[in-house]
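Undergrad: Below you will find the structure I want to go over with you.
Protein chains in written order, with the working numbering: chain S, 11 to 203; chain Y, 772 to 902.
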């Protein structure tokens, strides 16, 4: 245990992610976070005014690298197919090592029903899928990706694969390789659509 | 040479261990909290790491925050700049994305994934850990 590391604020965010993963968003409460942290609720309120603020911090944490990943991948001198795979790999590699974080993907719909996180979730989904859609379009224009599906349809297929495989991974107790399964399936779709 | 490999991806971690264990004794951590804890224990026991290979996108606490904490530990312990642990950042993110001034002073070398053996050996040569 190192004094001041992680910060109390970061520890609260990590505890909230664990609780969401174990019990869902509905299971998250300041009482539970405080219990998990071994602190009083009043200490929690020194860092966050209310539970909604914790949720906002969780979503900020979840998406903190999004624009960095997109900017990095778009600059790479690789094919559009590989850009899509690289982009998705950056996320799923982290989820595989940190399964609790993947629970946010599985809770998008619930999070959209909270006033404070509604727009944040919409922005995350739009940015992530917008990136994939943009690169698929580029790939189709270059003839690297087939035009059989529209870029939007193909983006929806990719999104469906990520969501479904992640859900199945959770249902299976995280017993298979998430990254390999998702990337292999998407690669097949991009190459054979 | 004592080396700490902080990498959450199994394949990358195994690769780095295979390469770096030829040059020293390697320990491995998989998230930012474990990394700072391992570093603190080594520093406290008087047997600090000479080299840290650090990923940025790691579970729990990311590599940027972990490195900041590590430098603070060294600073509290009054480790001279010349004696502080050499750090190679190995990340999927390009350096321009994380290249803010306050952070750039904290690491010595930056490599973007995927890295190969030559990348690692050259980085160690840059740091004068290998001749």
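By construction, the Cβ of each residue, glycine as well, lies at the ideal position given by its N, Cα and C atoms.
Determine contact between the region 793 to 809 of chain Y and the region 191 to 198 of chain S, defined as no fewer than three beta-carbon pairs at a distance below 8 Å.
TA: Touching, no, given that fewer than three Cβ pairs across the two stretches are closer than 8 Å.
Undergrad: Output, in chain order, the set of chain Y residues within a Cβ distance shorter than 8 Å of residue 137 of chain S.
TA: Those within 8 Å of residue 137 of chain S in chain Y number zero; the least Cβ separation is about 15 Å.
Undergrad: Does the beta-carbon distance from residue 176 of chain S to residue 124 of chain S come in below 8 Å?
TA: Cβ atoms of residue 176 of chain S and residue 124 of chain S: not closer than 8 Å.
Undergrad: Please state whether the Cβ-Cβ distance between residue 798 of chain Y and residue 775 of chain Y is less than 8 Å.
TA: Yes, the Cβ-Cβ distance between residue 798 of chain Y and residue 775 of chain Y is below 8 Å.
Undergrad: Using CA atoms only, rank isn't needed, just tell me which of S/35, S/21 and S/103 is closest to residue 53 of chain S.
TA: Nearest C-alpha to residue 53 of chain S: S/21.
Undergrad: Is the region 149 to 165 of chain S touching the region 179 to 186 of chain S in the sense that three or more CB pairs, one from each, lie closer than 8 Å?
TA: They do not touch, by the three-pair rule.
Undergrad: So the candidates are Y/898, Y/811, Y/819 and Y/849; which of them puts its Cα closest to the Cα of residue 860 of chain Y?
TA: Looking at the Cα atoms, Y/898 is the closest of the given residues.
Undergrad: Use the C-beta contact count for residue 783 of chain Y: other C-beta atoms within 10 angstroms, 16 or more gives buried, fewer gives exposed.
TA: The residue in question, residue 783 of chain Y, is buried, as its Cβ has 16 or more Cβ neighbours within 10 Å.
Undergrad: Please state the DSSP three-state secondary structure of residue 186 of chain S.
TA: Coil at residue 186 of chain S, not helix or strand.
Undergrad: Would you say residue 848 of chain Y reaches chain S, if we count a Cβ-Cβ gap shorter than 8 Å as a contact?
TA: With 8 Å as the cut-off, residue 848 of chain Y does not count as an interface residue toward chain S.
Undergrad: Give me the Cα-Cα distance between residue 13 of chain S and residue 19 of chain S, rounded to the nearest whole angstrom.
TA: Cα to Cα, residue 13 of chain S sits roughly 13 Å from residue 19 of chain S.
Undergrad: Hey, out of Y/848, Y/813 and Y/869, whose CA is closest to residue 935 of chain Y's CA?
TA: Nothing in the structure corresponds to residue 935 of chain Y, since chain Y is present only between 772 and 902.
Undergrad: Can the beta-carbon of residue 857 of chain Y be found closer than 8 Å to that of residue 890 of chain Y?
TA: Taking 8 Å as the Cβ cut-off, residue 857 of chain Y and residue 890 of chain Y do not qualify as a contacting pair.
Undergrad: Check this for me: beta carbons of residue 831 of chain Y and residue 118 of chain S, under 8 Å apart or not?
TA: For residue 831 of chain Y and residue 118 of chain S, no; Cβs fall outside 8 Å.
Undergrad: Between the region 841 to 858 of chain Y and the region 779 to 794 of chain Y, are three or more C-beta pairs nearer than 8 Å?
TA: Because the criterion of three Cβ pairs below 8 Å is not met, the region 841 to 858 of chain Y and the region 779 to 794 of chain Y do not touch.
Undergrad: For residue 799 of chain Y, which three-state DSSP category applies?
TA: Strand at residue 799 of chain Y.
Undergrad: Out of S/202, S/24, S/31 and S/15, point me to the one whose CA is closest to residue 112 of chain S's CA.
TA: The residue with the shortest Cα to Cα distance from residue 112 of chain S is S/31.
Undergrad: Counting only the same chain and skipping the five closest in sequence on each side, list residues whose C-beta sits under 7 Å from that of residue 874 of chain Y.
TA: If we look at residue 874 of chain Y and ignore the five residues flanking it on each side, its Cβ neighbours are 835.
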